[in-house]
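Per this note's numbering, residue 4 is the first one in the sequence shown, and the count goes up by one each step. See below for the structure under consideration.
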Amino acid sequence: MCSSDLLFAVVGVILLCWLVAGRWLEQQTQRLLSLERAVEGFASGQNLQEPVTRQLDVAKAGAHDEVGRLAEGIRQMMQEVVHARESLLAANRSLTSERERIRRIIETSPVGICIRSEEHTSELQSLAYLVCRLLLEKK
């Protein structure tokens with residue numbers, strides 16, 4: 004084997020390694036970009052809708068490496084955020100409903116009822132209370 008053949012073989016091996024490494028880096032870059040798009044989509048309010056989950060699936064391909072584990076961790080975090088948000092919204096609906104129920108009780112009460120906050124500001128007052136107050140102030 005002559006030196007030119009050896010040089011040609013070495014250049015061929017280097018070129019092959021360069022191509023394989025370049026393809027691997029391109030795949031990793033695409034996975035990281037997909038992860039970035041998924042996080043941006045989630046932050047913009049898409050929750051875990053199809054575009055976000057598709058991007059996470061692309062990023063998770065090869066789940067046994069760091070990027071795949073990161074994508075799975077982000078998916079779990081997103082699910083927890085969605086669940087916490089849904090719980091907060093349900094609690095808020097419940098509180099709003101309860102506040103309206105109390106307001107109806109106060110407004111339909113035959114006696115004056117006033118609820119004051121710690122800052123001594125009136126929050127809910129019945130019509131009967133307001134009429135009594137106005138009549139007393141006019142004396």
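By construction, the Cβ of each residue, glycine as well, lies at the ideal position given by its N, Cα and C atoms. None of these values were measured; they are calculated from a predicted model.
For the options Ala74, Asn50, Leu38, the alpha carbon positioned closest to that of Arg88 is the one of Asn50. The beta carbon of Leu59 lies closer than 6 Å to those of Ala41, Ala74, Arg78 in the same chain, with the five residues before and after it left out. Taking the C-beta atoms as reference points, Ser37 is found nearer than 7 Å to Val61.
Per the coordinates, the alpha-carbon of Arg26 lies some 50 Å from the alpha-carbon of Ala94.
When secondary structure is reduced to three states using DSSP, Asp68 falls in the coil class, being assigned neither helix nor strand.
Within the model, the alpha-carbon separation for Gly44 versus Pro54 is close to 8 Å. For the segment 21–69, the continuous alpha helix (DSSP H) assignments of 4+ residues that do not extend past its boundaries occur at 53–63, in sequence order. The DSSP-derived three-state label of Glu121 is coil. CA-to-CA, the gap between Ile108 and Thr99 works out to about 14 Å. Taken through DSSP and simplified to helix, strand or coil, Ser90 comes out as helix.
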